[in-house]
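Colleague: Here you go, one structure.
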Amino acid sequence: MNTTMTTSDIQAGLKAFEGDIAELPIPELLQFIHISGRDGVLVVSDVAGKPRAVLHYADANIIHATCDGITGRDAVFASIAFTTGRFEFYRGKASYIERTIEENVQNLILEGLRRMDELSHVASLLPKDHEPLFLAPEPPHDDIRLTAKEWRVLSLVNGKRSIRQILDAAQREESEVRGILVGLLAADLIVDRRDDSYLDAIVPRQLRQSELRETRYAPPTLIANLLLKSCDGRRNARELMLEMKLDERQLVEELKLLVRTHWIVITAGEEQFRRLAQE
């Protein structure tokens, strides 16, 4: 059964009222619509005007909701967290909407506010939303059993995605994903800052022509060619990075390139480099 309404479906209804979330917060708005006994569709948009949540009212109760890919009661809880943006309420009842919510509006609001309180506490245990998280370089050897949801969130951690990007990509309720991230941090499966100790362990050395079994061509980049001359088997990656005045990411990419093109071999820190090459 179709459980969504298109933008044209919604706009075909009569707009009853609209406003700014900063002036009428979502919890108060939900209660107002409930008390007024209206049937219709509430559309919540962000400050850019993009619709983020759609809540369907029938017989004064919320019967179905979607928010950023979430459906049902969790979508109501997610929409309650919005503090900026605008809302529009359209009169009319959609006969083909499947009911996904049974709780009354008051209970939904109370539970949503409770989760917001929990979310503010959990959020304080994580870095800022714009910062990335990293897989632990050496995960614990304990027998840690993860649920499917935890594996899903863990798979999104790659050192490049910010916490906000992880929250969006997970397509689950934000408080739940934040809680999972806190748990993964506590279990030492992820870390909030990159461990660069591998730079001290990795020691590259230029391969001699006599060691080669394959034809090789000139180093593919100017930086790789300059770096190659310093790979003497004595200096580690950190020393090379400082000497060449490269940033960490640039050094790593050039080392990977030189290994792939058979110009250098890693004489120490092979395991650290192998993990690095898989990123």
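The numbering of the sequence shown is my numbering, which starts it at 242 and goes up by one. For each residue, glycine too, the CB sits at the ideal point set by N, CA and C. Being a predicted model, the structure only gives us computed values, none of them experimental.
CA-CA distance, residue 489 and residue 482?
Modeller: Taking the first residue of the sequence shown as position 1, residue 489 is located at position 248. Taking the first residue of the sequence shown as position 1, residue 482 is located at position 241. One C-alpha to the other measures close to 7 Å.
Colleague: Let me know if residue 263 comes out buried or exposed under the rule of 16 or more other beta-carbons within 10 Å of its beta-carbon.
Modeller: Taking the sequence shown and counting its residues from 1, the one referred to as residue 263 is at position 22. Classification of residue 263: exposed, given that the 10 Å Cβ count is below 16.
Colleague: May I have the straight-line CA-CA distance separating residue 408 from residue 398, to the nearest angstrom?
Modeller: Against the sequence shown, residue 408 aligns to sequence position 167. Against the sequence shown, residue 398 aligns to sequence position 157. One C-alpha to the other measures close to 11 Å.
Colleague: Taking residue 321 as the reference, which of 421, 476, 355 has the closest Cα?
Modeller: Here residue 321 is taken as the residue at index 80 of the sequence shown, counted from 1. Per the Cα distances, 355.
Colleague: Return yes when the Cβ of residue 314 is within less than 9 Å of the Cβ of residue 352, no when it is not.
Modeller: Looking up residue 352 in the sequence shown gives position 111. Looking up residue 314 in the sequence shown gives position 73. Yes, they are a contact pair.
Colleague: Need the endpoints of the alpha helix (DSSP H) that residue 268 sits in, please.
Modeller: Counted from its first residue, the sequence shown places residue 268 at position 27. Where residue 268 is concerned, the enclosing alpha helix (DSSP H) stretches over 267-277.
Colleague: Is the beta carbon of residue 404 sitting closer than 9 Å to the one on residue 366?
Modeller: Taking the sequence shown and counting its residues from 1, one reaches residue 404 at position 163. Taking the sequence shown and counting its residues from 1, one reaches residue 366 at position 125. Going by C-beta atoms, residue 404 is not nearer than 9 Å to residue 366.
Colleague: By how many angstroms is the C-alpha of residue 433 removed from the C-alpha of residue 243?
Modeller: Taking the sequence shown and counting its residues from 1, one reaches residue 243 at position 2. Taking the sequence shown and counting its residues from 1, one reaches residue 433 at position 192. Note that residue 243 scores a pLDDT of 38, beneath 50, so its modelled location is shaky; the value from the coordinates is reported in the next line. If you take the alpha carbons of residue 243 and residue 433, they lie about 42 Å apart.
Colleague: When you compare only the Cα positions, how much space is there between residue 515 and residue 396?
Modeller: Locating residue 515 in the sequence shown gives position 274, where the first residue counts as 1. Locating residue 396 in the sequence shown gives position 155, where the first residue counts as 1. Going by the C-alpha atoms only, they are around 19 Å apart.
Colleague: Please classify residue 513 as buried or exposed, where buried requires at least 16 other C-beta atoms within 10 Å of its C-beta.
Modeller: As a first step, residue 513 is located in the sequence shown; it is residue number 272 there, counting from the start. The residue is buried, with at least 16 neighbouring Cβ atoms inside 10 Å.
Colleague: Shortest alpha-carbon distance to residue 442 belongs to which of 479, 450, 419?
Modeller: One-based indexing of the sequence shown puts residue 442 at position 201. Checking every option, the nearest Cα to that of residue 442 belongs to 479.
Colleague: Which of the three DSSP states, helix, strand or coil, is assigned to residue 361?
Modeller: In the sequence shown, residue 361 corresponds to position 120, counting from 1. Residue state, collapsed to three classes: helix.
Colleague: Can you tell me whether residue 369 is helix, strand or coil according to DSSP?
Modeller: On the sequence shown, position 128 is the one that residue 369 refers to. Residue 369 falls in the coil class under three-state DSSP.
Colleague: Is the number of C-beta pairs between the stretch 329-347 and the stretch 438-457 that are closer than 8 Å three or more?
Modeller: Short answer: they don't touch.
Colleague: Using DSSP with H/G/I as helix, E/B as strand and the rest coil, what is residue 260?
Modeller: One-based indexing of the sequence shown puts residue 260 at position 19. In the structure shown, residue 260 sits in a strand (DSSP, three-state: E or B).
Colleague: At the level of alpha carbons, what is the spacing between residue 389 and residue 375?
Modeller: Residue 389 sits at position 148 when you count from the first residue of the sequence shown. Residue 375 sits at position 134 when you count from the first residue of the sequence shown. Residue 389 and residue 375: Cα-Cα distance of roughly 19 Å.
Colleague: Kindly provide the ranges of any alpha helix (DSSP H) runs that are 4 or more residues long and lie completely inside the stretch 381-452, ordered along the chain.
Modeller: 389-396, 404-411, 415-427, 439-442, all fully within the stretch 381-452.
Colleague: Around the C-beta of residue 439, are 16 or more other C-beta atoms found within 10 angstroms, so that it is buried, or is it exposed?
Modeller: By 1-based counting over the sequence shown, the position of residue 439 is 198. Residue 439 comes out buried.
Colleague: Is there contact between the stretch 451-468 and the stretch 421-433, where contact requires at least three CB pairs shorter than 8 Å?
Modeller: Short answer: they don't touch.
Colleague: On the three-state DSSP scale, how would you describe residue 348?
Modeller: As a working mapping, residue 348 is identified with position 107 in the sequence shown. It is helical.
Colleague: Just reading off the beta strand (DSSP E) that residue 329 is part of, what are its end residues?
Modeller: For the purposes of this step, residue 329 is identified with residue 88 of the sequence shown, where counting begins at 1. Its beta strand (DSSP E) spans residues 327-332.
Colleague: Let me confirm a value: residue 307 is counted as buried when at least 16 other C-beta atoms fall within 10 Å, else exposed. Which label applies?
Modeller: Locating residue 307 in the sequence shown gives position 66, where the first residue counts as 1. Answer is buried; the Cβ neighbour count reaches 16.
Colleague: Measuring alpha carbon to alpha carbon, tell me which residue in 474, 423, 331 is nearest residue 360.
Modeller: Sequence index remark: in the sequence shown, residue 360 carries index 119 (1-based). Among 474, 423, 331, the Cα nearest to that of residue 360 is on 423.
Colleague: Could you check the C-alpha separation between residue 329 and residue 486 for me, to the nearest Å?
Modeller: Here residue 329 is taken as the residue at index 88 of the sequence shown, counted from 1. Here residue 486 is taken as the residue at index 245 of the sequence shown, counted from 1. Cα to Cα, the separation comes out at about 55 Å.
Colleague: Return the residue from the list 494, 343, 257, 435 that minimises the CA-CA distance to residue 280.
Modeller: Here residue 280 refers to the residue found at position 39 when the sequence shown is read from its first residue. Minimum Cα distance to residue 280 is reached at 257.
Colleague: Leaving aside the five residues before and after residue 385 along the sequence, list all residues of the same chain whose C-beta is less than 8 Å from its C-beta, in chain order.
Modeller: Looking up residue 385 in the sequence shown gives position 144. Cβ within range, chain order: 428, 430.
Colleague: Would residue 286 and residue 326 qualify as a contact pair, given that the criterion is a beta-carbon distance under 9 Å?
Modeller: In the sequence shown, counting from the first residue as 1, residue 286 sits at position 45. In the sequence shown, counting from the first residue as 1, residue 326 sits at position 85. Contact flag set, yes.
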